[in-house]
Each structure stands twice: as structure tokens, then as C-alpha cells.
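Undergrad:
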Amino acid sequence: MPDPCRPAPLLRYAPPGRPGCSCRQPADKRDPMTVRTRFAPSPTGYLHVGGARTALFSWLHARRHGGTFVLRVEDTDLERSTAESVNAILEGMTWLGLEYDEGPLFQTERFDRYQEVIDGLLEQGHAYRCDCPRERLDVLRAKQMERKEKPKYDGHCRTRDIDPTTPHVIRFRTPIEGTVGFDDMIRGRVTWENSELDDLVIRKSDGSPTYNLAVVVDDLDMRISHVIRGEDHVSNTPRQVHIFRALGAHVPVFAHVPMILGDDGARLSKRHGAVSVMQYREEGILPEALLNYLVRLGWSHGDQEIFSVDEMVALFDLESVNKSASTFNTDKLLWLNQHYITQADPAHLARELSWHLGQLGIDPSDGPELIEVVRAQQGRAKTLVELAAISAFFYRDPADYDAKAAKKHFKAAALEPLSRAREALAGLASWTPEVLHALVEGVAAELEVGMGKIAQPLRVAVSGRAATPGIDVTLDLVGRDACLRRIDRALDYIREQAESAV
RNA sequence: GUCCCCAUCGUCUAGUUGGCCUAGGACACUGGCCUCUCACGCCGGCAACAGGGGUUCGAAUCCCCUUGGGGACGCCA
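Going by my numbering, the letters in the first sequence line up with residues 227 to 728, in that order.
(1) Is residue 452 helix, strand or coil when you go by DSSP?
(2) Tell me, please, which residues DSSP counts as bridged to residue 552.
(3) So, helix, strand or coil for residue 676, using DSSP?
(4) Return yes when the Cβ of residue 282 is within less than 8 Å of the Cβ of residue 517, no when it is not.
(5) Alpha carbons only, please: which of 522, 509, 507 is nearest the one belonging to residue 483?
(6) Looking at C-alpha atoms only, which residue of 678, 613, 683, 674 is the closest neighbour of residue 645?
(7) Taking the alpha carbon of residue 350 as the reference point, which residue from 687, 593, 399, 380 has its own alpha carbon closest?
(8) State the CB to CB distance for the pair residue 503 and residue 297, rounded to an integer number of angstroms; the pair is presumed to be in contact (CB under 8 Å).
(9) Residues bridged to residue 408 by DSSP?
(10) With a cut-off of 8 Å, do at least 3 Cβ pairs link the stretch 343-363 to the stretch 327-334?
(11) Identify the residues that DSSP records as bridge partners of residue 263: which are they?
(12) Taking all protein chains shown into account, decide if residue 386 is buried (16 or more other Cβ within 10 angstroms of its Cβ) or exposed.
(13) Can you pull the DSSP bridge partners for residue 481?
(14) With DSSP as the reference, please indicate the residues paired to residue 355 in a beta bridge.
(15) Run through the stretch 314-358 for me and flag every whole alpha helix (DSSP H) of 4 or more residues, listed as ranges in chain order.
(16) For the candidate residues 679, 696, 633, 640, whose alpha-carbon lies nearest to that of residue 660?
(17) Any idea if residue 608 is buried or exposed, counting beta-carbon neighbours within 10 angstroms, 16 or more meaning buried?
(18) Can you tell me the Cα-Cα spacing of residue 569 and residue 605, whole angstroms?
(19) Looking only at C-alpha atoms, which of 284, 554, 626, 648 sits nearest to residue 543?
(20) I need the DSSP call for residue 390, collapsed to helix, strand or coil.
(21) Would you check if there are 3 or more beta carbon pairs closer than 8 Å linking the stretch 711-725 to the stretch 669-682?
(22) Going by C-alpha distance, which of 353, 538, 619, 649 is nearest residue 589?
(23) Got a sec, what are the start and stop residues for the beta strand (DSSP E) residue 428 sits in?
(24) If distances are taken between C-alpha atoms only, which option among 318, 410, 402 comes closest to residue 506?
(25) Out of curiosity, what's the CA-to-CA distance linking residue 354 and residue 394?
(26) With DSSP run on the structure shown, which of helix, strand or coil describes residue 461?
(27) Between the Cα of residue 328 and the Cα atoms of 635, 265, 613, which residue gives the shortest distance?
(28) Ordered along the chain, which non-local residues of its own chain (more than five positions away) have a Cβ less than 7 Å from that of residue 566?
(29) Report the three-state DSSP secondary structure of residue 285 (helix, strand or coil).
(30) Between residue 678 and residue 610, which are expected to be in contact by the criterion C-beta below 8 Å, what is the C-beta distance as a whole number of angstroms?
(31) Determine the extent of the alpha helix (DSSP H) in which residue 584 is found, giving its start and end residues.
(32) Report the partner residues of residue 435 according to the DSSP bridge assignment.
(33) If you follow the alpha helix (DSSP H) that residue 645 is part of, which residue opens it and which one closes it?
(34) Which residues in the same chain have their Cβ closer than 6 Å to the Cβ of residue 418, if we skip the five residues on either side of it in sequence?
(35) Taking the alpha-carbon positions, what's the residue 709 to residue 560 distance?
(36) Short of 8 Å in beta carbon distance, which residues of its chain neighbour residue 616, apart from the five on each side in sequence? Order them along the chain.
Dropping the structure here:
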């Protein structure tokens with residue numbers, strides 16, 4: 227019976243700033259049954275939607291079971307890892323609200339530990355040195371491909387005794403016979419013939435560990451109970467299982483989530499447009515909408531479509547995650563986004579919107595109260611970008627008229643209703659939606675026409691567009707001065723049109 | 001090419017131990033209602049169990065094959 231407070235030396239893990247022995251940690255963190263999940267991105271780019279969903283599932287699983295969520299940066303590839311990527315990923319996680327309990331931990335800070343493990347593996351004969359030149363490997367691979375075989379290392383150095391002082395890599399000695407397998411929470415039992423595997427490199431010639439070695443050591447040291455990651459990792463798993471066993475360790479539970487595909491059925495990539503999580507923010511997507519969209523991609527709870535984060539935490543379970551890949555569908559994301567914009571607290575939305583208005587060169591402090599504009603417009607836009615665009619007229623005169631709207635509502639016949647309305651507006655004692663509503667109705671009654679005959683020309687005159695909130699609210703927010711000024715301009719425009727038409 | 005995985009409307013999916021499925025919901029599309037416009041909302045429509053064999057009284061649900069798709073085959077992660 228191993229003492230949980232005294233893990234074998236190989237399993238030691240010292241998170242930065244914490245005591246090395248888990249004895250000093252709270253009881254729940256010492257319990258081997260405690261759920262511990264991790265998100266382990268490699269910092270070679272931004273956080274994309276696929277990674278974000280994996281992170282979400284991991285986070286959800288930890289939260290659901292009162293466990294711990296660890297963020298680990300897999301930066302063993304010194305060539306490609308960048309600090310900017312680390313920041314971009316952290317920024318994305320923060321924006322989505324996927325807070326981690328431990329980390330970020332960096333693999334580059336644990337090289338000594340990997341070396342220690344590799345030494346042990348070497349000593350016990352689970353690994354060996356290999357100095358096969360690249361050319362040899364290339365030829366080998368080419369020949370195998372030619373023979374229509376799966377390219378694999380042939381174990382050339384298995385029994386050779388390579389001088390440790392000469393350049394070499396270290397390979398893991400994979401069992402030649404038998405099978406390996408693991409139980410996946412999403413896909414069930416998956417097995418391989420060991421003969422399908424080869425002796426993978428676990429330490430590069432520059433001394434750094436490879437991915438397959440580092441993940442195993444980290445997941446072990448960090449006592450990860452559930453490895454939740456993309457399906458593209460299933461084929462790595464049997465190799466990792468072998469390493470876990472060679473280390474005499476228990477393998478964690480695996481859950482490989484299906485891929486997210488682009489519209490063309492291929493794996494999601496940059497060419498599919500906005501796949502960076504932060505780009506969605508710039509395009510005016512609310513984080514709760516993205517989260518809701520992502521959680522429903524591959525997971526479901528009956529027919530429910532709308533999930534607050536609290537509901538996700540309460541209902542999410544890995545067992546009901548789909549096995550098949552799914553296609554990213556922007557339309558549905560937009561639908562959710564509109565839903566969340568409609569539901570959002572106006573004050574909160576106003577803060578979000580002001581940035582987007584700023585992008586249009588508008589200072590929302592100069593004009594109607596932004597929160598009132600939000601109340602009037604909320605629910606009329608699918609994104610914050612769109613919300614800003616349709617709200618700009620509250621803060622500045624329309625630069626031009628929507629062509630179709632002008633053509634339809636700025637006919638000569640609109641002159642009379644518009645001038646009547648202008649007169650009435652100019653003489654108004656008070657300026658409230660109620661009064662304005664009555665005014666428009668009054669003008670319509672006077673001219674014996676429908677309300678639309680008055681409201682539409684007015685709307686286009688004041689906003690430049692065919693669609694705005696109710697005419698009363700619109701006029702109210704635009705304000706008397708701007709309304710009169712814009713109506714005058716519209717009257718001029720209509721007269722000009724009429725003249726040039728003759 | 002080899003291995004692994006997957007397969008219900010265009011898309012996301014329900015379909016929990018085979019019968020209640022003449023396959024349900026949502027997005028998109030679409031007809032209508034509401035209406036000062038747009039959006040929302042409401043009512044309706046279109047649209048799927050990849051194909052073929054089995055097993056069974058009975059299969060979208062189980063098995064096999066085919067086909068299709070994805071992933072992996074790196075001193076990348």
C-alpha cells in the first residue's frame with residue numbers, strides 16, 4: 227500500500243510556489259480519487275475554437291466534480307514556442323472565464339525532472355540510445371512507404387551500445403508482441419497491436435524531452451485523473467500507456483473529444499476564417515454565447531439549447547459527449563449571440579458596446595445615454611459590431627441614406643408629411659416617447675394616412691436607415707435639434723431628387 | 001499506403017437496456033400572423049436513419065461487409 231504522502235521519487239511534483247510534498251495540501255487535493263483535469267496547449271499560436279472547447283470540457287468536468295483544473299503550457303518545442311502565444315492563450319482563457327486553479331505551469335521549467343525520468347528508464351532498460359542519422363531514417367521511411375507499409379523505426383539501435391558522449395537521441399523500447407489498449411470515456415475500448423507501434427524518441431539530440439515523454443511525466447506528477455484532449459491524440463495514447471507502465475504508474479482516465487471541422491469537412495484551420503477566440507471578441511461575440519455554442523458542439527442534454535455557465539457545470543458529463551466530429555456553424559453561433567445580447571444587462575452591454583462604437587470613431591458620451599440606446603437597440607443585432615453600426619446615427623448625422631430606403635420613402639409624396647411633422651415637432655413643449663408617439667399619430671390622422679406614411683420618411687430622415695427602434699423612441703433619443711436638422715436636410719434632398727427627375 | 005476512429009435533416013443534435021419513431025428539437029431556408037420599419041414572438045412548411053447483408057416476432061438502435069469522412073504514422077505538440 228503506497229503512502230500517498232510519500233510518492234515514489236519518480237512521481238515527485240513540485241508546483242511553483244508550493245511545497246513539494248502533497249502532505250501540506252488540503253485533504254481533498256491529496257485524495258487520489260479527486261478529479262484533476264488539465265488543459266495543455268502548446269504555445270505556437272492563438273487559442274482557437276477547438277482548443278477552447280477542449281479547455282471548456284476539461285474545465286467543466288473539473289468544476290462539475292469539485293475538482294481542480296490545471297493549465298499547463300507544453301512548450302518543449304523550443305523552436306516554435308513563443309511568449310506571445312502564451313499571452314494570447316491566457317488572454318483567451320480569461321475572456322472566456324475559464325479560470326484555472328493551478329498554473330500556468332511550463333514544461334521548460336521541468337527539464338531536470340524529465341531528464342531524471344529518462345535516466346531511470348535508461349537504467350531499467352526501458353529506453354536506449356540511438357544515433358541513427360536522419361538520412362538512414364529517411365531512406366527507411368521511403369522504402370516502407372514504397373512497400374505500402376506504415377513507416378516505423380526498425381529498432382536498429384535496440385541492441386547497440388552507443389557512446390553517451392556522442393550525439394544521439396533516446397528511444398523508448400516498445401514491447402514487440404502483444405497488444406495495448408485503454409478505455410476511453412467517450413469512445414470506449416481502443417486497442418492496438420504492439421507491432422503497429424515503434425520505438426519513439428523520448429529525448430531529442432539537443433537533450434530536450436519529446437511531447438510523449440513530457441505529457442506522461444507531467445500528468446503523473448500533477449496527478450491528473452482525467453486526460454481530456456482532442457481526438458488527434460488517440461494514436462499517441464498507446465505509446466503513452468506504455469510509458470506509464472514502464473514507470474510503474476497507474477494510467478489516468480482518457481477522454482478524447484471529437485474534432486471540430488470547417489465547412490469543407492476538413493479540420494478547422496486558419497483558412498476557415500475567425501477561428502481565434504479573440505477574433506470572435508473583436509467581431510462582437512459575447513463570451514457566454516461562444517461558450518454556449520461550443521458546449522453544444524459534441525455534447526447535448528436532451529433538446530436543451532440554451533445553457534448558462536452554471537447550468538453547464540451542473541449538467542455536463544463526458545459520457546454524453548458525441549463520438550463523431552462536428553462542423554462549426556457560424557449561423558448558430560450568431561443566433562446564440564443575439565439571444566445573449568437580448569438577455570444581457572443593459573449596463574453591461576453598454577460597456578461592451580462603447581468599445582465598438584469607438585471603433586467607428588464615435589464617443590458615446592457625446593449624445594444620448596448609451597444605456598438608453600442599448601435598451602432601444604438590444605435584440606436587433608446579432609453581434610456587437612452590428613449593434614454599434616445600427617446605433618451610430620444616435621451620435622452623428624447619417625452620412626448618407628440607405629439607397630433602398632431613400633428610394634422608397636423619399637418620394638415627392640413624403641414632402642408634406644415630413645414638413646407637417648417638422649412643424650409639429652418644432653412646436654412641441656415636451657420631448658418624450660409618449661408625446662412623440664401621439665404627435666406622429668396625430669399627423670397621420672390629420673393627413674388621413676396610415677402611421678407608416680409618416681413614420682417611415684421620418685425614420686429615414688433621422689437615421690438614414692430603414693430600420694430603427696420604434697419611431698417614438700428613435701426621435702426621443704436623437705433629440706429635438708438633431709431631428710429638426712436632419713428633417714430639413716431630408717426635405718432638401720427630396721426636393722433635389724424631384725427636380726433632377728423632371 | 002498502414003493503423004485507429006466515426007457515420008440520423010444542409011448544420012448542431014434527440015433517439016439512454018431494440019418495439020411508445022408514420023424519427024423529435026434547434027440553426028439556416030421558407031409560407032403566414034403581428035406591425036410605423038427592423039428585430040423579437042407566434043403558427044405552418046421543406047428536409048435525415050450512407051448502401052448491402054444478417055440476428056430478431058420486431059432495428060435508426062445489435063453483428064458483418066462496402067462506401068464515405070476524419071485522425072495518426074516527426075528529434076511537432
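Heads up, the beta-carbon is just placed ideally off N, CA and C, and yes, glycines get one too.
TA: Answer, in terms of the structure:
(1) Reduced to three states, the DSSP call for residue 452 is strand.
(2) 486
(3) coil
(4) yes
(5) 522
(6) 683
(7) 399
(8) Rounded, the Cβ-Cβ distance is 15 Å, inconsistent with contact.
(9) 416
(10) no
(11) Bridge pairing for residue 263: 295, 452 [DSSP].
(12) exposed
(13) Answer is 454, bridged to residue 481.
(14) 396
(15) Counting whole runs of 4 or more residues, the stretch 314-358 contains the alpha helix (DSSP H) stretches 337-349.
(16) 696
(17) buried
(18) 8 Å
(19) Taking only the C-alpha atoms, the option nearest residue 543 is 284.
(20) coil
(21) no
(22) 619
(23) 427-429
(24) 318
(25) 10 Å
(26) helix
(27) 265
(28) These residues qualify, in order along the chain: 512, 514, 515.
(29) helix
(30) Between residue 678 and residue 610, the beta carbon gap of about 30 Å keeps them out of contact (Cβ cut-off 8 Å).
(31) 572-585
(32) 429
(33) That run of the alpha helix (DSSP H) goes 641-652.
(34) Within the same chain, and ignoring the five residues on either side of residue 418 in sequence, the residues whose Cβ sits closer than 6 Å to its Cβ are 406, 464.
(35) 33 Å
(36) 603, 606, 607, 691, 693, 694
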